[in-house]
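**Q**
2 protein chains.
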Amino acid sequence: MSQLRKDPISGRWVIIAGERSKRPDDFRKAAADRPPEAPGFCPFCPGNETKTPPEVFALRPEATPADAPGWQVRVVPNKFPALSRGGTAPRKGEDLFVWMDGVGVHEVVIETPDHAQEMSDLPLDRLRDVLWTYRERIVSIGKEKQYRYIQVFKNKGREAGASLSHPHTQIVATPIVPKRVKEEIYGAERLWDKNNECVFCRILRQEVERDERIILRNEHFCVLAPYASRFPFEMRVYPVRHSARFADITEEELRSLAATMKTALSRLKNALSDPPYNFLIHQAPNARMILNGGRIVSVDRSYHWHIEIIPVLTKVAGFEWGTGFYINPVSPEIAAQNLSSDAPSAS
Amino acid sequence: MSQLRKDPISGRWVIIAGERSKRPDDFRKAAADRPPEAPGFCPFCPGNETKTPPEVFALRPEATPADAPGWQVRVVPNKFPALSRGGTAPRKGEDLFVWMDGVGVHEVVIETPDHAQEMSDLPLDRLRDVLWTYRERIVSIGKEKQYRYIQVFKNKGREAGASLSHPHTQIVATPIVPKRVKEEIYGAERLWDKNNECVFCRILRQEVERDERIILRNEHFCVLAPYASRFPFEMRVYPVRHSARFADITEEELRSLAATMKTALSRLKNALSDPPYNFLIHQAPNARMILNGGRIVSVDRSYHWHIEIIPVLTKVAGFEWGTGFYINPVSPEIAAQNLSSDAPSAS
Numbered sequence: 002m003s004q005l006r007k008d009p010i011s012g013r014w015v016i017i018a019g020e021r022s023k024r025p026d027d028f029r030k031a032a033a034d035r036p037p038e039a040p041g042f043c044p045f046c047p048g049n050e051t052k053t054p055p056e057v058f059a060l061r062p063e064a065t066p067a068d069a070p071g072w073q074v075r076v077v078p079n080k081f082p083a084l085s086r087g088g089t090a091p092r093k094g095e096d097l098f099v100w101m102d103g104v105g106v107h108e109v110v111i112e113t114p115d116h117a118q119e120m121s122d123l124p125l126d127r128l129r130d131v132l133w134t135y136r137e138r139i140v141s142i143g144k145e146k147q148y149r150y151i152q153v154f155k156n157k158g159r160e161a162g163a164s165l166s167h168p169h170t171q172i173v174a175t176p177i178v179p180k181r182v183k184e185e186i187y188g189a190e191r192l193w194d195k196n197n198e199c200v201f202c203r204i205l206r207q208e209v210e211r212d213e214r215i216i217l218r219n220e221h222f223c224v225l226a227p228y229a230s231r232f233p234f235e236m237r238v239y240p241v242r243h244s245a246r247f248a249d250i251t252e253e254e255l256r257s258l259a260a261t262m263k264t265a266l267s268r269l270k271n272a273l274s275d276p277p278y279n280f281l282i283h284q285a286p287n288a289r290m291i292l293n294g295g296r297i298v299s300v301d302r303s304y305h306w307h308i309e310i311i312p313v314l315t316k317v318a319g320f321e322w323g324t325g326f327y328i329n330p331v332s333p334e335i336a337a338q339n340l341s342s343d344a345p346s347a348s
Numbered sequence: 002m003s004q005l006r007k008d009p010i011s012g013r014w015v016i017i018a019g020e021r022s023k024r025p026d027d028f029r030k031a032a033a034d035r036p037p038e039a040p041g042f043c044p045f046c047p048g049n050e051t052k053t054p055p056e057v058f059a060l061r062p063e064a065t066p067a068d069a070p071g072w073q074v075r076v077v078p079n080k081f082p083a084l085s086r087g088g089t090a091p092r093k094g095e096d097l098f099v100w101m102d103g104v105g106v107h108e109v110v111i112e113t114p115d116h117a118q119e120m121s122d123l124p125l126d127r128l129r130d131v132l133w134t135y136r137e138r139i140v141s142i143g144k145e146k147q148y149r150y151i152q153v154f155k156n157k158g159r160e161a162g163a164s165l166s167h168p169h170t171q172i173v174a175t176p177i178v179p180k181r182v183k184e185e186i187y188g189a190e191r192l193w194d195k196n197n198e199c200v201f202c203r204i205l206r207q208e209v210e211r212d213e214r215i216i217l218r219n220e221h222f223c224v225l226a227p228y229a230s231r232f233p234f235e236m237r238v239y240p241v242r243h244s245a246r247f248a249d250i251t252e253e254e255l256r257s258l259a260a261t262m263k264t265a266l267s268r269l270k271n272a273l274s275d276p277p278y279n280f281l282i283h284q285a286p287n288a289r290m291i292l293n294g295g296r297i298v299s300v301d302r303s304y305h306w307h308i309e310i311i312p313v314l315t316k317v318a319g320f321e322w323g324t325g326f327y328i329n330p331v332s333p334e335i336a337a338q339n340l341s342s343d344a345p346s347a348s
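Taken in sequence, the protein lines are chains A and B. With my numbering, you'll find the first sequence wraps up at 348, consecutive numbering, no jumps. With my numbering, you'll find the second sequence wraps up at 348, consecutive numbering, no jumps.
See the structure below:
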């Protein structure tokens with residue numbers, strides 16, 4: 002089992018080693034130059050179901066047995082989990098050296114049986130099923146109250162951190178609410194107090210008025226290039242209806258989100274020649290109440306779930322690590338211009 | 002000139018575009034596959050001095066003119082600066098859309114005239130001269146009080162963000178104290194209040210007692226694998242003497258730091274087959290006083306300058322972007338074992 006450790010000065014938690022433990026040789030250049038997987042074998046392809054841990058969920062015809070071909074979407078525990086199921090995770094250690102057992106959940110959503118079918122290639126009904134699977138797992142894992150946050154994320158392409166190329170998404174449930182999520186929650190709560198309005202709803206309204214950074218918009222979703230984008234061609238997908246939790250999505254919204262994601266990811270692929278990317282869902286914590294300096298934060302009022310899509314086009318370097326600032330060589334206004342229509346940008 | 006923009010929710014600043022502005026075509030796959038520079042030409046090599054902006058500082062024989070060969074270390078403004086010199090940088094905009102002009106300094110320290118001589122290859126005297134040059138620039142830029150923080154950092158290797166391979170370090174002065182620095186300062190101040198002792202001094206003492214994560218130690222410096230390391234084989238270099246500011250380093254310490262850095266970087270190169278890396282100096286802000294919620298923070302008492310060395314061996318992916326957690330597949334204890342002697346690790 003891995004270990005969660007807290008940095009005594011910044012308060013930042015890290016997950017150390019566990020099943021993913023590596024030796025220096027694993028990082029030598031030869032290793033870095035190897036292809037991410039031996040060609041010809043993929044543990045996520047139909048027929049190889051026994052090469053993954055047993056499935057915890059699948060969309061498959063009723064006649065087909067578990068862990069056999071026939072599925073459309075399949076969810077399995079990660080074979081090399083960052084966090085593992087267990088009891089509670091009390092804090093141990095003291096003073097400078099605080100840690101807890103790496104208790105949590107780490108699952109993989111295999112999005113399609115077709116190795117070569119990217120998310121942007123999926124028919125809308127099938128993409129809706131993938132998003133519905135996210136929702137199912139969030140609801141199911143969310144019943145286990147020791148997991149305080151559920152992070153859904155996708156790494157596409159080796160540069161974006163994917164070790165397998167078969168289209169998949171990951172779900173990690175953590176025993177504490179992560180720092181970055183807390184920062185957003187505290188910021189949103191502070192701005193609710195100031196404006197008596199959800200800041201995300203406010204951003205949406207003002208961005209639509211200004212119309213400089215809108216990438217696409219429909220009845221249920223709005224895709225923006227954020228005002229303070231950290232990365233070139235970063236996109237953020239917001240539901241129009243105020244909602245703190247992805248799990249509260251309606252069927253109509255789910256179908257609309259499938260169409261929105263398909264368009265956004267297709268434009269990214271088209272404009273930037275199929276770049277590696279990450280996306281992640283930011284939602285309210287599984288814990289209904291969280292504390293900020295002794296005060297209860299009303300997350301459902303002030304938070305607004307959204308998806309961040311981050312193309313991997315630049316490197317995070319010394320300046321970013323030192324300062325937490327990002328240097329973005331493409332303004333979000335230029336990014337929005339290039340991503341706001343289906344036509345390829347003029348070269 | 003670039004623009005600094007503030008994220009309304011997290012308070013994070015980003016630097017947008019400016020001289021580094023790029024078009025989508027610059028990110029297409031073909032561009033990514035190009036070598037970082039045309040072979041055979043390097044603007045940092047002797048003889049090409051006119052290909053950089055005019056030097057602002059150099060270690061060179063008195064008889065040689067500026068911007069001509071003969072130098073040992075040469076400092077020039079960055080040709081594509083993230084921030085540019087200018088007057089003050091008042092905040093503009095309002096509510097959700099706050100920004101300021103990208104006022105600051107962005108310089109390049111060319112560490113050696115020899116294109117192929119890495120920092121770990123430099124003779125000790127020459128490495129001391131590079132570190133002394135950092136100090137000179139910090140002191141000089143620090144006189145301009147509108148620059149509130151000075152970040153010294155090095156990106157080695159393309160994966161670490163270097164666009165030119167000739168050994169160089171960068172210095173960026175920013176008009177605000179960066180978020181990550183503030184977090185450390187506030188954390189250190191909070192722990193000073195609790196312990197009546199600098200937390201970095203406390204960490205050093207306890208790490209030496211435990212002797213699990215010490216990589217190397219001498220009279221003036223201690224190199225650790227930090228308890229909550231974010232990255233495999235991350236190292237942190239601390240001066241033994243409490244000091245908040247790199248510029249206060251003594252000549253004896255400077256020489257010791259040269260030896261310490263040479264050993265640390267050589268071991269990294271040896272153990273991990275010459276990996277790309279970033280390093281950065283964290284020091285107290287140029288501003289002598291900073292505020293934390295209306296309270297003046299006594300930075301010089303509670304802060305302790307140090308160098309973070311980050312080998313680039315893993316990818317930052319969706320989980321890290323979403324949570325701010327890092328997953329580190331190598332425990333710092335294993336890292337310290339592998340980096341605490343000059344012998345190559347057994348394969």
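Note that beta-carbon positions come from the ideal geometry of N, C-alpha and C, so glycine has one too.
For the stretch 185-203 of chain B against the stretch 298-305 of chain B, are there 3 or more C-beta pairs whose distance is under 8 Å?
**A** Counting Cβ pairs under 8 Å, three or more are found: they touch.
**Q** From what residue to what residue does the alpha helix (DSSP H) around L273 (chain B) run?
**A** No alpha helix (DSSP H) holds L273 (chain B); DSSP gives it neither H nor E.
**Q** So P179 (chain A) contacts chain B; which residues on that side make the cut at Cβ distance below 7 Å?
**A** Here the neighbours are T324, G325 and F326.
**Q** Just to confirm before moving on: does the CB-CB distance between T175 (chain B) and Y150 (chain B) stay below 8 Å?
**A** The answer is yes: Cβ separation under 8 Å.
**Q** Can you find the residues in the same chain that come closer than 6 Å, C-beta to C-beta, to A90 (chain B), ignoring five residues on each side of it along the sequence?
**A** Correct list, in chain order: M101, D102, V104 and P176.
**Q** Do we get a CB-CB distance below 8 Å when we pair W14 (chain A) with the residues of chain B?
**A** For W14 (chain A), the answer is yes, since a Cβ of chain B falls inside 8 Å of its Cβ.
**Q** If you measure beta-carbon to beta-carbon, which residues of the stretch 298-318 of chain B are closer than 9 Å to chain A?
**A** Residues passing the 9 Å Cβ filter: E309, I311, P312, V313, L314, T315, K316, V317 and A318.
**Q** H243 (chain B) and C46 (chain B): beta carbons closer than 8 Å?
**A** Cβ atoms of H243 (chain B) and C46 (chain B): not closer than 8 Å.
**Q** Interface residues of chain A around K270 (chain B) at Cβ under 7 Å?
**A** Result: empty, since nearest Cβ-Cβ is about 11 Å, beyond 7 Å.
**Q** Can you list, in chain order, the residues of the stretch 229-248 of chain A whose Cβ is nearer than 8 Å to any Cβ on chain B?
**A** Within the stretch 229-248 of chain A, the residues whose Cβ lies closer than 8 Å to some Cβ of chain B are A229, S230, R231, P233 and F234, listed in chain order.
**Q** So which of B:L314, B:G319 and B:F320 has the shortest CA-CA distance to A318 (chain A)?
**A** It is B:L314.
**Q** Which value, in whole angstroms, describes the spacing of the CA atoms of A229 (chain A) and K80 (chain A)?
**A** A229 (chain A) and K80 (chain A): Cα-Cα distance of roughly 37 Å.
**Q** Tell me which residues share the same chain as S121 (chain A) and place their Cβ nearer than 7 Å to its Cβ, disregarding the 5 neighbours each side in the sequence.
**A** So the list reads K263, L266, S267 and K270, once near-sequence residues are dropped.
**Q** Which residues, in chain order, does the stretch 168-197 of chain A contribute to contact with chain B at a C-beta distance below 8 Å?
**A** Cβ contacts with chain B: Q171, V173, T175, P179, K180, R181, V182, E184, E185, G188, A189 and L192.
**Q** For the 8 Å Cβ check, are there 3 or more pairs between the stretch 193-208 of chain A and the stretch 325-333 of chain A?
**A** The stretch 193-208 of chain A, when compared against the stretch 325-333 of chain A, does not touch it at the 8 Å Cβ threshold.
**Q** Assuming L128 (chain B) is part of the alpha helix (DSSP H), what are its boundary residues?
**A** Per DSSP, L128 (chain B) belongs to the alpha helix (DSSP H) from L125 to G143.
**Q** So with Cβ pairs under 8 Å, would you call S346 (chain B) a contact of chain A?
**A** Legend: pLDDT at S346 (chain B) = 48, less than 50; position of this residue unreliable, value from coordinates given subsequently. Yes, its Cβ sits closer than 8 Å to a Cβ of chain A.
**Q** Does the ligand SAM have even one heavy atom less than 7 Å from the beta-carbon of R256 (chain B)?
**A** The ligand SAM is not part of this structure, which contains no ligands at all.
**Q** Could you check how far apart the C-beta atoms of P277 (chain A) and G158 (chain A) are, in whole angstroms? I think they sit under 8 Å.
**A** Right, the Cβ-Cβ distance comes to about 3 Å (below 8 Å), so this counts as a contact.
**Q** Please check the pair D68 (chain A) and E50 (chain A), which I expect to be a contact at CB under 8 Å, by giving their CB distance rounded to whole angstroms.
**A** Indeed they touch by this definition, with Cβ atoms about 4 Å apart.
**Q** Where do the ends of the alpha helix (DSSP H) carrying P333 (chain B) lie?
**A** P333 to L340 is the extent of the alpha helix (DSSP H) around P333 (chain B).
**Q** Any Cβ of chain B within less than 8 Å of the Cβ of N287 (chain A)?
**A** Cβ-Cβ to chain B under 8 Å: no for N287 (chain A).
**Q** To the nearest angstrom, how far is it from the Cα of A347 (chain B) to the Cα of N339 (chain B)?
**A** With a pLDDT of 46 at A347 (chain B), under the threshold of 50, the modelled position of this residue cannot be trusted; read the value that follows with caution. Cα to Cα, the separation comes out at about 9 Å.
**Q** Which class does A31 (chain B) belong to by DSSP, given the choice of helix, strand or coil?
**A** For A31 (chain B), the predicted structure reports a pLDDT of 46, less than 50, and the residue's modelled location is therefore unreliable. The matter cannot be settled from this model.
**Q** If E311 (chain B) sits next to W322 (chain A), beta carbons under 8 Å apart, how far is it from one beta carbon to the other, in whole angstroms?
**A** The identity of residue 311 (chain B) in the sequence shown is Ile, whereas the question assumes Glu. With a Cβ gap of about 6 Å, I311 (chain B) and W322 (chain A) count as contacting.
**Q** Can you find the residues in the same chain that come closer than 6 Å, C-beta to C-beta, to F154 (chain B), ignoring five residues on each side of it along the sequence?
**A** The answer, listed in chain order, is Q171 and L281.
**Q** Are the C-beta of Q152 (chain A) and some C-beta of chain B separated by less than 8 Å?
**A** It does: the Cβ of Q152 (chain A) has a partner Cβ on chain B nearer than 8 Å.
**Q** Is C199 (chain B) helix, strand or coil by DSSP?
**A** Reduced to three states, the DSSP call for C199 (chain B) is coil.
**Q** Please check if any C-beta of chain B sits within less than 8 Å of the C-beta of G162 (chain A).
**A** Yes, contact with chain B.
**Q** Run the CB neighbour count on G48 (chain B), radius 10 Å, all protein chains shown included, and call it buried at 16 or more, exposed below.
**A** Counting Cβ neighbours within 10 Å, G48 (chain B) comes out exposed, since fewer than 16 surround it.
**Q** What is the DSSP secondary structure of R250 (chain B), counted as helix, strand or coil?
**A** Note that residue 250 (chain B) is Ile in the sequence shown here, rather than Arg. DSSP places I250 (chain B) in coil when its eight states are reduced to three.
**Q** Below 7 Å CB to CB, which residues in the same chain sit around D343 (chain A) once its five sequence neighbours on both sides are set aside?
**A** Excluding positions up to five away in sequence, the list reads R268.
**Q** Apart from the five residues just before and just after N219 (chain A), which ones in its own chain have a Cβ nearer than 8 Å to its Cβ?
**A** Here the set comprises S257, A260 and T261.
**Q** Quick check on DSSP: helix, strand or coil for Q207 (chain A)?
**A** Helix at Q207 (chain A).
**Q** Short of 7 Å Cβ to Cβ, which residues in the stretch 203-220 of chain B face chain A?
**A** Within the stretch 203-220 of chain B, the qualifying residues are R203, I204 and Q207.
**Q** Among A:A83, A:H307 and A:K52, which has the Cα closest to the Cα of V19 (chain A)?
**A** Correcting the residue identity first, residue 19 (chain A) is Gly in this sequence and not Val. Closest by alpha carbon: A:A83.
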